[in-house]
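Structure first, then comments.
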Amino acid sequence: MSIDIHTTTQQGVRIAVEGCGHGTLNAIYAATEKSAKERGWDGVDLLIIGGDFQAVRNAADLNAMSVPKKYRELGDFHEYYSGVRKAPYLTIFVAGNHEAASHLWELYYGGWVCPNIYYMGAANVLRLGPLRIAGMSGIWKGYNYRKAHHERLPFNDDDVKSFYHVREIDVRKLLQLQTQVDIGISHDWPRAIEKHGNTKHLWNMKPDFERESADGSLGNQGAEYVMDRLRPPYWFSAHLHCKYSAIKTYDPPKETTSEGGETAKLEETVVPQPQKQQPAPAPANPDEIDLDMEDKPAPVPQQPAAPVTATSNPDEIDLDEDEVTPTAPSQPAPTSAAPAAAVTEEDPTEALRSLLPASFSNPNPQSSYNAQPHGGNSNKPKPGQPVPPTITNTTVRFLSLDKCLPGRKFLQLAEIEPINPSTEELQRPLRLSYDPEWLSITLAFHPLFRSAVGKHCPSDPNAPIPVDLGEAGYKPSIEEARKWVDENITGDKLLVPEDFVQTAPPIDLVNRPETGNMTDEMPVEYTNPHTAEFCRLLGVENYWDASEEEREGRRAQGPRPMAERFGGRGGGHRGGGRGGGGGGGGGWRGGRGGRGGGGGRGGGGGRGRGRGRGGW
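Each residue of the sequence shown is one higher than the one before, starting from 1 at the first, in the UniProt record's numbering.
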């Protein structure tokens, strides 16, 4: 089958952005097609879905998705996985908190979940034509931030939930980027981004958010670090099931010094600021919104709208009703409107210590900054700072979208120009390609994370993670890796291979249409060919490959025991994570290791009632 290639000198890339997917691909693609036609477009170059994609291949995958059993549905994805349908537009997505973890585990570095739909992995930077797109998966749970990716099939209930919690080791990689990206994507919002938009309008839609914004618990601290480092002209999120926009501005970066006192030797380049988009005509499709509609604060309605909660719609359910977090003592909201330090999750030891008399208290308690996930003290810059002078953009336009339901604002179309225009002509259809800088970072970090991801990671939530060496510590190995990438991965080798292969069997709706093959069995672990090829491209060990004997042994052993619980279902806050230990390890060309497996027992933790975030 021949493909028509259209060449143009224009740099604008036509994209569609959708909020939470929730397994409704057919409706999302139909809405995208309709909106494109109303704009006079013959389609879009790319569709971005902001998480809760639900790449469910068969009924077993539902058992690895954090959704109450009575609400589990197959959705549309299995039709695209089996080949009954093909995605009409190139689609990328990041993971949210309602995903088929068994499927996405195979694609830690990213990969095709079906033809024309690409998962960005735990963290990634990809290129599409002239655009550089950075993405990070998961949601913020501070108590898991500094943990390894210990989850491995067969999952227990804790694994199904912790799988989608953002990890510091993935944020750490994104914070090594030295050059400008055009688009950033996260499932939940970067922390405190709401303060840069029309908060009165947001409080009317979501009254609970006002308190969370005041106490610093609204949003993802990891995403905040990444946004403040990368400063892309556009950042897209989902998760909170509302449309909200904000504009965050920064001071221009300055020439900085490294930890050793030597001036960072970064080639300073002058990059033109992105031109403000011309206001688009009012879209005829009620499902589409205008990216620029809230550049200025919108007037607050004279009659406040009725509070909208995650269950205000009778057709909407709360998928997070069983999500619980370690109990933390309730704290009064600060009276100051200034951003407060995030409330940290207390472990059982701290909870017990709080019951002791005052004479037992620490005379030199840690500062609130020490309680932050990045640790340190008030004199230490937060992760990713200072920004290198090669990242020049100073205005980030943030947009969060709803989920695909009638009457919701879930879709946005825009033509985005790169901040750093290319002289090369665009050839449509555009293809995804690997980003050389990101490949270099991945190559440098791969051996260091050997015990924190994949088969070599102990099935123990308390397994240590590699210590953070800082930018200066990682710089030599990243530079060495970049030389290797520039010599060995060039030209067509940078194109993401279109090599999708089914791993798990697709759902059989023909033989058993009445049940869709519903099962209580946990999915089987597979080696994904795309991950295998990516590791071959970099010349590194595939940590997500294992022998059938090992996998059969794990299945026979069953899930690891659930962690012992302390306390009951309480309030709970999202907050700071606990630091891990562990050694860093050697150079970037790590050797091959033995087969991993087994592992220790998970530690305990308080239980707190977690309020639903991405309800159905």
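Every residue, glycine too, gets a C-beta built ideally from N, C-alpha and C.
Source: prediction; values computed, not measured.
Residue i: first and last residue of the uninterrupted beta strand (DSSP E) it sits in
| i | result |
| --- | --- |
| Arg428 | 426–428 |
| Leu432 | 432–434 |
Simplified DSSP state of residue i, which is helix, strand or coil
| i | result |
| --- | --- |
| Gly222 | helix |
| Ser245 | strand |
| Glu346 | Residue confidence is low: Glu346 scores 35 on pLDDT, short of 50, so the model does not pin down where it sits. Its coordinate-derived value is still stated next. Glu346 falls in the coil class under three-state DSSP. |
| Pro304 | Here the model assigns Pro304 a pLDDT of 35, short of 50, so the residue's position is not dependable, and the following value carries that caveat. Of the three classes helix, strand and coil, the one that applies to Pro304 here is coil, per DSSP. |
| Tyr29 | helix |
| Ile139 | strand |
| Pro529 | helix |
| His196 | helix |
| His150 | coil |
| Thr442 | helix |
| Ser422 | coil |
| Tyr71 | helix |
| Gly40 | coil |
| Asp158 | helix |
| Asn542 | coil |
| Arg172 | helix |
| Glu66 | Residue identity differs from the one stated: residue 66 is Ser in this sequence, not Glu. DSSP places Ser66 in coil when its eight states are reduced to three. |
| Cys535 | helix |
| Met227 | helix |
| Ser35 | helix |
| Gly454 | helix |
DSSP beta-bridge partners of residue i
| i | result |
| --- | --- |
| Ala134 | Val125, Gly184 |
| Arg397 | Tyr234, Ile247 |
| Phe93 | Ile49, Tyr119 |
| Ala414 | Ile15 |
| Ile391 | In DSSP, Ile391 forms no bridge with anything. |
| Lys403 | Cys20 |
| Leu495 | Ser433 |
| His165 | Ile139 |
| Pro190 | Asn220 |
Rounded separation between residue i and residue j - CA only
| i | j | result |
| --- | --- | --- |
| Arg209 | Trp203 | According to the sequence provided, residue 209 is Phe. The question's Arg does not apply to it. Answer to the nearest angstrom: the Cα atoms are 6 Å apart. |
| Glu521 | Phe398 | 41 Å |
| Lys173 | Ile465 | 14 Å |
| Trp112 | Glu498 | 8 Å |
| Val501 | Leu426 | 28 Å |
| Leu401 | Ala27 | 15 Å |
| Leu495 | Gln176 | 23 Å |
| Ile15 | Phe236 | 12 Å |
| Asn542 | Gly197 | 43 Å |
| Phe77 | Val56 | 6 Å |
| Ile416 | Leu107 | 28 Å |
| Ser66 | Cys457 | 22 Å |
| Asp486 | Cys535 | 17 Å |
| Tyr207 | His201 | It should be noted that the sequence gives Pro, not Tyr, for residue 207. In a straight line, the C-alpha of Pro207 is about 10 Å away from that of His201. |
| Val94 | Glu550 | 30 Å |
| Met518 | Asn220 | 35 Å |
| Lys455 | Phe449 | 11 Å |
| Thr199 | Met205 | 10 Å |
| Thr394 | Ala36 | 30 Å |
| Ala532 | Arg211 | 46 Å |
| Gly539 | Asn488 | 10 Å |
| Asp61 | Ala444 | 33 Å |
| Gly142 | Thr32 | 36 Å |
| Val17 | Ile185 | 10 Å |
Expected contact under 8 Å - CB spacing of residue i and residue j to nearest Å
| i | j | result |
| --- | --- | --- |
| Gly19 | Lys403 | 5 Å |
| Ala563 | Ala148 | Incorrect: roughly 15 Å between the Cβ atoms, too far for contact. |
| Ile92 | Leu46 | 7 Å |
| Leu25 | Tyr80 | 6 Å |
| Asp182 | Ile133 | 7 Å |
| Pro386 | Leu153 | That belief does not hold up - the Cβ atoms of Pro386 and Leu153 are roughly 41 Å apart, past 8 Å. |
| Pro418 | Gln11 | 6 Å |
Residue span of the alpha helix (DSSP H) that contains residue i, given as start and end
| i | result |
| --- | --- |
| Gly111 | Element bounds for Gly111: not the alpha helix (DSSP H) but the beta strand (DSSP E), 111–114. |
| Asn204 | 199–205 |
| Ile478 | 470–488 |
| Ser213 | 208–215 |
| His78 | 77–82 |
| Asp61 | 59–62 |
| Ser102 | 101–104 |
| Gly553 | 548–557 |
Residue i: CB within 7 Å of a non-hydrogen atom of the ligand NAP
| i | result |
| --- | --- |
| Ile139 | Of ligands this structure carries none, so the ligand NAP is not represented either. |
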